[in-house]
Amino acid sequence: MQFDVIVSGMMVVDILSEVPSTIKKGAKHEVSKILVQGGAPAGNAACVIAQNNLKTAFLGYKANNTLSLIANEELKKCDVDTSLLIESKNFQPAIAVVEVDPNNGDRTVFYSTNNYKPLQPKDINEEWIKNSRLLLVDGYDVVGNLELLKIAKKHSIPSVLDIEAGDISILKEMISLGSHIILPLEGAQMISGLETPEECIKSLSKLTKGLLVITDGANGSWALENHKIIHQAAFPTKVVDTTGCGDAFHGAYASALLKGRNLAERMEYASAYASIIAAHFGGRSYFPTMEEVQQKILKK
1 MQFDVIVSGM MVVDILSEVP STIKKGAKHE VSKILVQGGA PAGNAACVIA QNNLKTAFLG
61 YKANNTLSLI ANEELKKCDV DTSLLIESKN FQPAIAVVEV DPNNGDRTVF YSTNNYKPLQ
121 PKDINEEWIK NSRLLLVDGY DVVGNLELLK IAKKHSIPSV LDIEAGDISI LKEMISLGSH
181 IILPLEGAQM ISGLETPEEC IKSLSKLTKG LLVITDGANG SWALENHKII HQAAFPTKVV
241 DTTGCGDAFH GAYASALLKG RNLAERMEYA SAYASIIAAH FGGRSYFPTM EEVQQKILKK
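Those letters in the sequence shown? Residues 1 to 300, per UniProt numbering, in order.
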């Protein structure tokens, strides 16, 4: 089966809760919002891409347990194809508890990877990548994703990297293989040892022939094209929850790439899309239409 996009990365189930303004330790607290849904950078990005009407498959593992069933159904609900998920008896998705501050939408994440199994190279079919139009991977399932990046490069399939943290030497290798590398400023600072987005992006560009994009929330995003730095301002929005905003940026960027938009247009579309996600509770609770995103762009 052929897909527009194959996505690989950590599979996670999120439990999101709005946090009360005052908490009494050891007591019970009623909150207005608690939500269980699929999460994590790769999964959220896959859902955004699928909701942009691109045939999208998620690559990884599955098993007969509650967390795995939730994760699989959450992908299917967003029209992500799960036929490439491989049965693995003791596999369990990672689980994250996400505390959301109702005052500003900031989220704090606590997660566990007990019984989680990252994608292994032996379980990768080269034909899956060869027959796709785009690969998107995260920086967590690094062993399998490095192999996927090598296959994509071998067959001239463009790739989008969503990397945040990890072993610097491995992240540098991933950057060298990717064709579109998107990372938060904090991650860029960690890898480059520099401070400003401009400094980081110029330094990291020496590691790759790919295109680099650095994001920094409300401060916008930066890219380097033909030795020129492009800045895209963030779109104003009433922030409810920042969960999944960066993931939405990556997914929207990948979607715009496959629809033939240039770099400035991709960054604009991704920024507008992410701003709409931020206005809702949970990273997969709402997916704007292309028309809605365009209206946001026109109103800026």
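From the three backbone atoms N, C-alpha and C, an ideal C-beta is built for every residue, glycine too.
Exposed or buried, residue i, counting other C-beta atoms within 10 Å across all chains shown (16 or more means buried)?
i           : result
residue 43  : buried
residue 286 : exposed
residue 52  : buried
residue 268 : buried
residue 298 : exposed
residue 110 : exposed
residue 41  : buried
residue 72  : buried
residue 227 : exposed
residue 97  : exposed
residue 21  : exposed
Opposite residue i in the DSSP bridges: which residues?
i           : result
residue 7   : 58 and 136
residue 237 : According to DSSP, which records beta bridges pairwise, residue 237 is partnered with nothing at all.
residue 184 : 215
residue 16  : 35 and 98
residue 258 : Bridge partners of residue 258: none, in fact.
residue 81  : 57
residue 87  : 62
Can you check which of these residues, the options, is closest to residue i by C-alpha distance?
i           : options              : result
residue 189 : 50, 168 and 8        : 168
residue 93  : 107, 222 and 62      : 62
residue 55  : 288, 2 and 238       : 2
residue 242 : 236, 280 and 233     : 280
residue 223 : 196, 288 and 239     : 196
residue 183 : 153, 246 and 158     : 246
residue 276 : 48, 134, 4 and 26    : 48
residue 126 : 78, 152, 250 and 101 : 152
Let me know the secondary structure DSSP gives residue i once reduced to three states.
i           : result
residue 108 : strand
residue 194 : coil
residue 160 : strand
residue 299 : coil
residue 224 : strand
residue 305 : With the chain represented from 1 up to 300, any question about residue 305 goes unanswered, as that position is not in the structure.
residue 116 : coil
Do the stretch 29-36 and the stretch 1-19 make contact, defined as three or more Cβ pairs closer than 8 Å?
yes
Would you call the stretch 134-153 and the stretch 192-208 touching, i.e. three or more CB-CB distances under 8 Å?
no
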